[in-house]
Each structure stands twice: as structure tokens, then as C-alpha cells.
Amino acid sequence: MISLDRITQNPRVMGGKPCVRGRRVTVGMIVGQIGAGRTIDELLADYPYLEREDILQALRYAAWRAEEREIHFA
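If you want it as C-alpha cells, here you go:
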């Protein structure tokens with residue numbers, strides 16, 4: 373198991389979605405922004421309270437979850 377000490381889940385924060393360090397920044401938001409072409413440096417400029425390792429852990433968490441189960445396409 374990889375270390376993901378910056379990814380938290382709390383039912384009272386963003387409906388329990390995985391977030392970065394208990395903040396209202398979800399893993400899904402970070403992955404979506406990277407997928408849309410934003411760079412890590414752009415995200416760090418937009419969210420100055422985030423650190424590079426926060427974003428990297430969010431991406432590792434998303435990759436881990438994607439590998440967790442098999443999805444069959446019709």
C-alpha cells in the first residue's frame with residue numbers, strides 16, 4: 373500500500389469525498405483539472421494553501437482507486 377497521509381475522508385467535509393488534508397479540495401477536482409490540461413504549477417498558484425505533494429498524492433490516490441476494481445465495458 374502506498375502512503376497517502378494527505379488524503380482524508382470525512383462525512384462532514386464535501387460529503388465524504390476524498391479531500392486533501394481535510395480541506396474543501398477534492399481529489400476529483402485535482403484530477404479533473406490536470407485532465408483538462410492544467411499544470412501542477414497552475415494549481416499551486418490558484419490554491420496557494422496546497423503543496424506539490426498534496427497534488428501528487430491526489431493523483432496517486434486516483435490511480436490506486438482506478439486499479440482497485442475491474443470495469444467491464446459493453
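Under my numbering, the first residue of the sequence shown is numbered 373, with each subsequent residue one higher.
All residues carry an ideal CB built from backbone N, CA and C; glycine is no exception.
The structure presented is a predicted model; accordingly, all values stated were derived computationally and were not measured.
{"Item": "Distance between I412 and A435 (C-alpha atoms, nearest Å)", "Value": "16 Å"}
{"Item": "I412 (DSSP reduced to helix, strand or coil)", "Value": "helix"}
{"Item": "Nearest neighbour of R378, chosen from A438, L431, R432 and D426 [CA to CA]", "Value": "D426"}
{"Item": "Reference T398; option with closest CA among D418, Q405 and K389", "Value": "K389"}
{"Item": "CB of I406 within 8 Å of CB of L428, strictly", "Value": "no"}
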